[in-house]
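Notes for the one structure printed next.
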Amino acid sequence: MLATGPADWDGPALSPRAFLAALQLADSAFPSGRYTLSHGLESLVQSGAVTVRSGIGGLCSLLCDQLEHGVASTDGVAVAWAHRAVSETVRSGYDEQLACETDRRLTSVKLSQEMREASSRTGRGVMGTALGSFAGPALTAYSRLIRGRTVPGNGAVVIGLLSAELGLPLIYAVATELYGFAAGWLNAAMRLGVADHRIMQAVLNRCGPVMDGAAQKASTTDLEDMASCIPLVDIMSMRHEQAALRMFAS
Amino acid sequence: MKDQDSGQMPHDHADHEHGHGHEQEHGHRHEHGHDLGHDRGHAHSHEIRDGLDGPGLERLAGPVPRVGIGGPVGSGKTTLIEALVPRLVASGHNPVVVTNDIFTQEDARHVRATLSAVLPEEKVVGVETGSCPHTAVRDDPTMNLDAVQALTDRFPETDLVLLESGGDNLTLTYSRVLADFFIFVIDVGEGDKIPRKRGPGITSSDLLVINKIDIAPHVRADLSVMERDARAVRGDRPFVFTNCFSGEGLDEVLQHLDASGMLSGSQAVHT
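Heads up: the sequence lines are chains A and B, in that order.
Take any residue in the first sequence, count from 1 to its spot, add 1095: that is its number in our numbering.
Take any residue in the second sequence, count from 1 to its spot, add 273: that is its number in our numbering.
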C-alpha cells in the first residue's frame, strides 16, 4: 500500500541537513543542464499526441507512466545502487565496481541514443558543478573514470554517489531524482505550451503518491532487474533525433 | 548590492582611478577585475575576496579561450562569427564554434555552409537550450561547457572557441565561467535609441558591437547619437561600429580580442 502521509512512514528519518541537500539537488536552478531535456515530450507535442487539451489528467497519466515504467525502474534503481556503492561500503572509499556496473547497466536499458547522451551529459554537468567544492572522495574518484570515458557517467549514477556523500538517505535520494525528473518534464511541458503554471503544479502534486510508491519500489529492486518499458516515449525520442526543428536536446 | 546578472559588484568607473596601465585603442580599457572572490584581473581596494589560500575552483572545459557572443534576434551574431572565422583562420588560428542559435536543421546548414570553405562542418556544433537562451549561457552553462570540452578534445589544435547565444533581448549576459570575453551585438536597425536603453549587455559587455551601420540612412538612425550614448552608458568600455558584410570594423574587433588575450591560445587553469 502506498504511503499517503507522514503517519504511514516508518522508513529512515530525514535530518534538516539532509533535507537541505535534497532541496539543493532537486532545485531547477541546480546546474545540471536538465532544463535542456524534454524526455521525449517535445516529439509527443510535435506529433499532436499531447496538446493543451491534454490537461491535468492527460499529462498526469503520461508522466506517471513514464515515471513508473521508464524512470524509477532505471534511473531510480541506478541512484539506489550508486548510493549503496558509497553508503553500504564498510571499508574506506567506495565500491567502484558496483558503481561502474550500475552505470553500464543503466546505459544498456536506455534505448535511444539521444536518451543515453542526455543522461551522460547530465552526469558530467552535475559532476562539473560539484567537483572541487562539495563532492566527496567517491565522486571525485569516479569522475576520473568518467573523464577517461571508461564509464558512461550517467546522471543518476553521479547523483546517487553525490547524494550518499551528502548524507541523503537512499530512499530520499531516489525520490529526489524522481522529483527532479517530474519537475523538469513539467517545465518542458510549460515551455512547449501544453501546460500553464497552475496545471504544472497540480500535476506535480497529483503525481506525488506515484513517485512515493515508485521510489520505494526502486529502492528495493535488484540491479539485475533494472528495466524500462516505455515504447511510445522511446519511439518519440528516436523521432526527435531526426526532427527538423527542436528546442530541446531530448 | 550585487549585480543580478554578472555577479559582480557594481562600481562607478568615473569616480576613481583604476590604475590598470593597459590602455586599449581609443582610450578604452579591459579586464576590470572586480569579480567577487576571484582573481580575474586586477585587484581593487574595495574588492571582496574569499580569503582562501591557494587556487580557486578549477577552470572548467579546458584552457582554450572562449569568446561569448550575445545580442537580440537578428542583430548579426551569426554574421559576425561568419565574418570573423575566415579572418581568424587566415591569420593562423584554429577556431571552433558552439552555437545556441540553431533552432532548425536549416539554421545549422546555413552556418556550416557559410563557413564550409574555411572550417570543417564538424567544428560547428549546436546546443539546444530548451527555449532558455539566458539559462544556457548564464545560470546553467553546463551543456555549453560540455560541448566546448567535447569539441576541444576532438580537435586539440583548437586555440579559440566562439560561442553564440540564442537571439534574445537586452538583458542577456554570459557566465564568466563560460565566456572569458563577452561581445554584445546590437544593430542600427533596432533604432538609435538602443544604446541608451542600456541593459547589462550594452553597459557591461567587454565589447559592444553596433552592427549594420550601412543601413542607418534607411532606418533614420543617427550613428553619432549611438556613439554618444554608447560612450555615456559604457564609461571606458569599448564599442565598435561594424558592417559585417563589407568587413568594416572587424579588424578593430580582432584587435580587442587580441589585446584581451583571447588570441593567445590558452587561459589560466584556475579562476
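Note that CB positions come from ideal geometry on N, CA and C, so glycine has one too.
- Contact between L443 of chain B and I342 of chain B does not hold, since the beta-carbon distance rounds to 15 Å and is not under 8 Å.
- In this structure, DSSP gives F428 of chain B a state outside helix and strand, which the three-state scheme calls coil.
- Looking only at A:L1201, A:E1209, A:K1205 and A:G1248, the smallest Cα-Cα distance to M1222 of chain A is reached by A:G1248.
- A direct Cα-to-Cα measurement between S1149 of chain A and A356 of chain B gives close to 46 Å.
- Put simply, of A:A1259, A:I1266, A:S1345 and A:K1205 the residue whose alpha carbon is nearest the alpha carbon of P1326 of chain A is A:K1205.
- The segment 1188 to 1206 of chain A and the segment 1303 to 1312 of chain A do not touch, with fewer than 3 CB-CB distances between them shorter than 8 Å.
- V400, E401, T402, G403, S404, C405, T408 and A409: these are the residues of the segment 396 to 411 of chain B whose beta carbon lies less than 8 Å from some beta carbon of chain A, given in chain order.
- At a beta-carbon threshold of 7 Å, the residues of chain A lying near L418 of chain B are G1223, ordered along the chain.
- The beta carbon of L1226 of chain A sits closer than 8 Å to those of L1234, T1235 and S1238, all from its chain and outside the five residues before and after it, given in chain order.
- Below the 7 Å Cβ cutoff, chain A contributes G1223 as neighbours of L333 of chain B, in chain order.
- Burial state of W1104 of chain A is exposed, judged by a 10 Å Cβ sphere holding fewer than 16 other Cβ atoms.
- If you draw a 10 Å sphere on the C-beta of E1137 of chain A, you find 16 or more other C-beta atoms in it, and that means buried.
- Interface residue (Cβ-Cβ distance to chain B less than 8 Å): G1171 of chain A is not classified as such.
- With respect to chain B, the C-beta atom of L1257 of chain A has no partner C-beta closer than 8 Å.
- Within the model, the alpha-carbon separation for V400 of chain B versus L1340 of chain A is close to 13 Å.
- At least 8 Å separates the CB of L451 of chain B from every CB of chain A.
- Closer than 7 Å at the C-beta level to chain B, one finds these residues of the segment 1216 to 1248 of chain A: R1216, R1219, G1220, G1223, T1224, G1227 and S1228.
- Around A1297 of chain A, the same chain offers I1151 as residues with beta carbons nearer than 7 Å, after the five sequence neighbours per side are excluded.
- For N484 of chain B, the enclosing beta strand (DSSP E) starts and ends at L480 to N484.
- Exclusion of the five residues before and after D441 of chain B leaves G343, G344, P345, V346, P406 and H407 as the residues of its chain whose Cβ lies within less than 8 Å of its Cβ.
- The CB of L330 of chain B comes closer than 9 Å to the CB of L1226, G1227 and S1228 in chain A, given here in chain order.
- For S1110 of chain A, the closest of A:A1177, A:A1338, A:G1262 and A:A1194 by C-alpha to C-alpha distance is A:G1262.
- Neighbourhood of R1341 of chain A in chain B, by CB distance below 7 Å: E401, in chain order.
- Secondary structure at D1317 of chain A: coil, using DSSP grouped into helix, strand and coil.
- Where F1276 of chain A is concerned, the enclosing alpha helix (DSSP H) starts and stops at L1265 to R1286.
- At a Cβ-Cβ threshold of 8 Å, V526 of chain B and V506 of chain B do not count as neighbours.
- Fewer than three beta-carbon pairs drawn from the segment 409 to 422 of chain B and the segment 516 to 532 of chain B are found closer than 8 Å, and the two stretches are therefore not classed as touching.
- Note: E1191 of chain A is not bridge-paired with any residue in the DSSP secondary-structure output.
- D432 of chain B and T377 of chain B have their C-alpha atoms roughly 28 Å apart.
- Only residues of its own chain outside the window of five on either side were considered, and among them A1213, T1217, G1279, A1283, F1343, A1344 and S1345 have a CB closer than 8 Å to the CB of L1132 of chain A, listed in chain order.
- The C-beta of Y1130 of chain A comes closer than 8 Å to at least one C-beta of chain B.
- With contact defined as three or more Cβ pairs closer than 8 Å, the segment 1177 to 1185 of chain A and the segment 1240 to 1259 of chain A are in contact.
- For D460 of chain B, DSSP records a beta bridge to B:N484.
- Around the beta carbon of E1209 of chain A, 16 or more other beta carbons lie within 10 angstroms, which makes this residue buried.
- Per DSSP, V371 of chain B is one residue of the beta strand (DSSP E) stretching across P368 to T372.
- Per DSSP, the beta bridge partners of F455 of chain B are B:G341.
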